[in-house]
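Below you'll find the structure, written out as structure tokens, and then a few comments.
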Amino acid sequence: MRRLLPLLLLLLMPVLPASAEPPPDASRFFPYTLNTTRLPNGLTVVRVPFNSPGIVAYVTAVRVGSRNEVEPGRTGFAHFFEHMMFKGTKANPEGQRERILGGFGFDDNAFTTDDITVYQVYGPTAGLEKLIALEADRFQNLEYSEPAFQTEALAVLGEYHKNAAGPDLKLEEALAKTAFKRHTYQHTTLGFYEDIQAMPKAYAYSRSFFERWYTPANTTLFIVGDFNDAQVVAQVTKAYGGWQRQPTSVIIPTEPEQTSARSVHVDWPQPTQPRHVLAWHSPAARADTPDAAIQSILAEYLVGDTSPAYKELVLEKQYVESLDASTTPHRDPYLFLIDATLQDEQHRAAVDAVLRREVTAVTGAPVDPVRLRAIQDHLRYGLLMDMETPRDVAIDLALYAGVMGRPDALASYLKQLGSVTPQQLTLFARKYLKDTNLTVLTLTPKAVAAGGTP
Amino acid sequence: MKTRATVSLILAAALSLASCAHHKPPETPPGNPPGEPPPPPPEPGDVPAVPLKEPPPMQLVVQARGDTPIVSLRLVFHTGSIDDPKGKEGLTALTAKLMAEGGTQRLTAAQLLEALYPMAAELKVFTDKEMTTLSGRVHQDFLPAFLLLFTDTLLQPRFDPAEFERLRANALNAVRNGLRSEDDETLGKVGLDALLYAGHPYAHFTGGTVQGLQSLTLEDVKAHARRVFTQDRLVIGLAGPVDANLQQTLTSRLGALPAKGAPRVELPTVKSSAGRTLILQKPTLSTAVSMGFVTPMRRGNPDFFPVAFALSNLGEHRQFIGVLFNELREQRGLNYGDYAYAEHFIEDRGNGTFNRTNLVRTQQDVSLWLRPVVPANGVFATRGAVFFLERMSKEPLTQERFDLVRGFLQGYTRLWEQTDQRRLGYAIDSLYYGTPNFLEAYREALTQMTPQSVQAAVKRQLAPEKLAFVFVTEDAQGLAQKLKSGEPSPITYASPKPPELLKLDELIIQQKLPVRPDAIQVLPAAQFMER
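Line by line, the protein sequences give chains C and X.
All residue numbers for the first sequence refer to the numbering used here, where the first residue is 1 and numbers rise by one.
All residue numbers for the second sequence refer to the numbering used here, where the first residue is 1001 and numbers rise by one.
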């Protein structure tokens, strides 16, 4: 398994060779031009012209997620902190942002993943100058009171409650805890329930979290849409120029190699369908390796809509309602996972056997090059079709750049999607999809619904 | 596309509304057995069904643009769950799904997936109460092949028995597990439909009921497809790199659909549910809250825009500037979000946080949605929502607040029309409501509004007494007791609050909830949508 670079090195590495870089080719599957500037303080600013008259997307990716929550008892903090970023500054106290951006009709939101926090603002170009000023201000000068902090912790608790009704959150928690013993991927982005309940007491820690991670070198802006490039660069340079916060060294623990199969079972006390999940540790998604592209393709090859497993389990035998493979790119080695939602508990063994048979097949027999080509088309046309609005483009760019650490990471991922070979799939499967590297997660409904079932 | 003049349409809408305002009691149907009493006259709060406009068969809506390689097709059929026969709830949605996914005469379901796969083409179907939308998107590289697959799903569906069973099993899972157990928020909203439209064809879950789905046969599906997926119920939308040839090919192929469908379902008057409460009981950490009422006010009504403005002020879906969001979540930390809606709302997933298009409904509803709160605060949060709703009729918005919301809507509504599918959706909605250039008209109307005109519309349309309430919670009896008692619902906070907030709380904790103590129904979620 790939070893991690110490985090400090990653942070100090130049994000890209700055202004010397020629604009990447506008490819068939990514017909947009990236204009990239790196400010002296390390902030990377990417502009992408997009034909959306009068409309712009302004997306900020910070390379901080639940992965960065190293202290015990502080899980869920990256996500909580995302909420706090809307709480104001001295110059723009709480409510001012909403008044200014709201008055233009901006859609203003954010989300957090295991690896990154993404702030997305989408709306009229007419408000862009004011938006730049507000964004630059909050990333440099965020300030909030302890009571506001304590109140917001309750909104996060509400978010947990909203998600807790279905089994997915519990499944993610169980898988993370079992598959990871040291790395921070052992908790979900939302965090442990008890840590969320304790959040109101962590005001001081929240301040250090901001200092530690919200630094210019750890942040990339993506501005996509209809705007005057020179003007925007000048405004951004001026507004963010004084941001001088330096990165702190925090070591993310490395996950030791798994040496024997693991399993975990969840009994779910409400009506739901049985689940059967196979998860193997897999390498990180990086711009300089094909591993992310290989995992996306292998997932489709094994359980995609045209795979033998899908045909047999979903369409023919109908043992399975849905068959998914999650290959969300991760900054550190994460999991390659197949998630089957069963129609009935009695089919579990049969489903498990088919999935393992397909995994064995891909390690033993040659990969079908015709299917590989169809998958490559499917994924690349799919990405192209998903990018309908400037916001779609900005968020896709931010997701890949945030995880892989290069503003043009999406383009390199797309390029690699097109060049993965049958041999690479086989070698990858042999190396990673082996039993000693596997965690099996199962869930069975044990329904005792209140009021009884008719 | 040729559209009729705005003025005449607004006039027509106003006239049809005027006629419902003076709605005569329905006459006794001929042949009524002597001695049987005539149906009671409509009561205040009842909402009669004023028919929608009917576009001519296979009306074409084209929005050509050459700067994209992606072609969008949007076929909107005037059929939905209201066409489900009694005892066969779920038939329309399952029929649509089976046509879209179950293969064609030429291709099995697996072969259809295989053919669509390298194109990464989208072929989706969505069934609502009155409309079913079949949407397709494809790169022009694959247009001819896709067009054949897309039209074959409608013209030559395979109606494969195994696919029928598979999709029915999934539909049953969606009710038994997805709806009843796994998502309290959706359960609350579907619960509100059931409460507001009791006895009306909108009442049942669009995806069907357990017994309705179980009773379906493949023959039912085949017959239903011929009844509802017909030329006279279809509007065809096309966008992207569209030329005359494509229009011609598509319309001539769809000309093979049956010309005329079954007679339209006649929708009854919706009886007022004012003050009714439904508590859906299930194991859960929190309490989900939905409230609302059915309204005669739909797009085209002169009050629609000012009321939409007022409810946007109260809380545009998942936006930060709404009153409810700020008061209940930001200031009081009650939950994750709180919003208000001027017409029925179903989030268009994958397209931001906007409402879906083509949810055209003859009878519309206004609603308020509170995301789950801790059970102890269930009644307080509900009172808070009602308090801020009522406040808008008591006092006009300040000019500053009014200007903020107006600016917001001038910009935000533009985000609703940034994709081809959504632009087509709005244009097609407009054919049924008689509201051409709907979003432009909204922005134009904003320039004419004042705080006073908004307040006047709120007074006419948003009386809190009309509300009915749905809760999803574990301690249903405890909640019912609190609601019946009408006693104040004090609240404590874990962090210090400013005095003006605490002062407002004194009013909120005793806000009168328009709940009728004799009309509180508790239903185990496990029994919801059984039949």
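For every residue, glycine included, the Cβ atom is placed at its ideal position computed from N, Cα and C.
Computed from a predicted structure; not experimentally measured.
Taking a 10 Å sphere around the C-beta of VAL56/C, we find 16 or more other C-beta atoms and assign the residue as buried. Taking C-beta atoms under 8 Å as the contact rule, TYR1433/X and ARG1264/X fail to qualify, at a distance of about 17 Å. When the Cα atoms are used, LEU1192/X and PRO1488/X turn out to be separated by approximately 25 Å. In the three-state DSSP reduction, PRO1464/X falls in the helix class (H, G or I).
Burial check for HIS1139/X: the Cβ neighbour count within 10 Å reaches 16 or more, so the residue is buried. In terms of Cβ geometry, TYR205/C and ARG74/C form a close pair [threshold 9 Å]. With respect to the C-alpha of THR184/C, the residue from THR327/C, GLU69/C, LEU379/C, ARG373/C having the closest C-alpha is GLU69/C. In this chain, the alpha helix (DSSP H) harbouring GLY1407/X covers 1399-1415. Taking PHE1126/X as the centre and dropping the five residues before and after it, the same chain places the C-beta of THR1133 closer than 6 Å to its C-beta, in chain order. Within its own chain, the residues whose Cβ lies closer than 7 Å to the Cβ of THR1186/X, once the five positions on either side in sequence are excluded, are LEU1179, listed in chain order. Excluding the 5 residues flanking it on each side, LYS1260/X has same chain C-beta neighbours closer than 8 Å at THR1230, GLN1231, ASP1232, in chain order. Contact annotation: ILE1279/X and LEU1523/X have beta-carbon atoms nearer than 9 Å.
Annotation: the continuous alpha helix (DSSP H) that includes TYR1432/X extends over 1420-1433. LEU1328/X and ARG356/C have their C-alpha atoms roughly 50 Å apart.
By the Cβ neighbour-count rule, THR44/C is buried, with 16 or more other Cβ atoms within 10 Å of its own. Think of a sphere of 8 Å around the beta carbon of SER282/C: no beta carbon from chain X falls inside it, the nearest being about 24 Å out.
Closer than 9 Å to the CB of VAL1405/X there is at least one CB belonging to chain C. In this structure the region 1206-1213 of chain X does not lie against the region 1269-1288 of chain X, because fewer than three pairs of beta carbons, one per stretch, are closer than 8 Å. Chain-ordered, the chain C residues with CB closer than 8 Å to the CB of PHE1408/X read GLY102, GLY103, PHE104, GLY105. Legend: CB atoms of the region 1277-1299 of chain X lying less than 8 Å from CB atoms of chain C belong to residues GLN1281, LYS1282, PRO1283, THR1284, LEU1285, SER1286. In terms of beta-carbon proximity, ASN51/C lines the interface with chain X, with at least one pair separated by less than 9 Å. By the criterion of a C-beta distance shorter than 6 Å, MET1529/X is surrounded in its chain by VAL1175, PHE1205, THR1209, once the five residues flanking it on both sides are discounted.
Proximity of the region 303-317 of chain C to the region 258-267 of chain C falls short of the contact definition, fewer than three beta-carbon pairs being nearer than 8 Å. Inter-segment contact for the region 1105-1125 of chain X and the region 1146-1161 of chain X is present: three or more beta-carbon pairs are separated by less than 8 Å. The shortest C-alpha to C-alpha distance from ILE297/C to any of THR272/C, TRP280/C, ALA325/C, GLU321/C is the one to ALA325/C. Per DSSP, the unbroken beta strand (DSSP E) holding ASN35/C starts and ends at 35-38. Only residues of its own chain outside the window of five on either side were considered, and among them HIS347, ALA350 have a CB closer than 8 Å to the CB of LYS317/C, listed in chain order.
Nearest CB-CB separation between LEU1415/X and chain C: below the 9 Å threshold. Under a criterion of Cβ atoms nearer than 9 Å, the residues of chain C adjacent to HIS1139/X are, in order, TYR381, LEU384, MET385. Residue pairing from DSSP leaves SER412/C without any beta-bridge partner.
In this model, LEU383/C and THR328/C are separated by some 14 Å (Cα to Cα). Sorting GLU1347/X, PRO1490/X, PHE1142/X by C-alpha distance to the C-alpha of LEU1502/X places PRO1490/X at the top. Interface with chain C (9 Å Cβ-Cβ cutoff): VAL1373/X is included. Neighbours of ASP305/C across chain X, judged by C-beta separation under 7 Å: LEU1113, TYR1117.
For the set PRO1498/X, PRO1514/X, GLU1500/X, GLU1506/X, the Cα lying nearest the Cα of ALA1468/X is the one of PRO1514/X. The Cβ-Cβ distance between ARG138/C and GLY88/C falls below 9 Å.
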